[in-house]
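FYI, the numbering for the sequence shown is 549 to 679, going by this note's numbering. By construction, the Cβ of each residue, glycine as well, lies at the ideal position given by its N, Cα and C atoms. Everything numeric in this text was worked out from a predicted model, so none of it was measured.
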Amino acid sequence: MKITLKKNDITRKVLKTFDFLLRDLFYEVIEENDEEIVYDGVFSIEFSAEMLGMRFRAFKKFCDSLSVEGGKAKRRGSIMSIEPYRRRVIRIRLSKDEYEALEKCSMLRGKTVREFFRGALLSSLLARRGM
């Protein structure tokens, strides 16, 4: 998934914070010039106006400066969610005990079983790649 941020007065003010947020989720800059910066990564991301230290109107303009390729972006109030299109399905069978353990871990983190399992799987893959 590629996230493109057009550079302007508003985006330049929070670029350092936004950049740190994306790099923390293993996004890489694949192109940068005076007009825009393009990030490439695989994880969903959610951020708010407060996280970026912005007021609502500036945050709305910041979100309008973002474009996503290979995913979708949704802004609800002062929260922006970006997630990749998910078109592949993996089916697995678990024992009752395995599923209950997975369900317990997901509840502790405030996620659905599906969200938790996806995150755990991707984290495991990144750890094996040495990222």
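For Y587, three-class secondary structure by DSSP:
strand
Spatial distance of Y575 from G618 (CA atoms):
14 angstroms
Inter-residue spacing [alpha-carbon to alpha-carbon] between K659 and L673:
20 angstroms
Write down the C-beta distance between I627 and E594 rounded to the nearest angstrom, noting that I regard them as a contact closer than 8 angstroms.
7 angstroms
Starting from L614 and walking both ways along the beta strand (DSSP E), at which residues does that stretch end?
L614 to E617
Ignore the nearest five residues each way along the sequence and tell me which others in D588's own chain have a CB closer than 7 angstroms to its CB.
K550, Y575, E576 and I578
Just reading off the beta strand (DSSP E) that M599 is part of, what are its end residues?
Taken as a continuous stretch (DSSP letters only), M599 belongs to no beta strand (DSSP E), being part of the alpha helix (DSSP H) at A597 to L600.
Would you call the segment 551-562 and the segment 601-611 touching, i.e. three or more CB-CB distances under 8 angstroms?
yes
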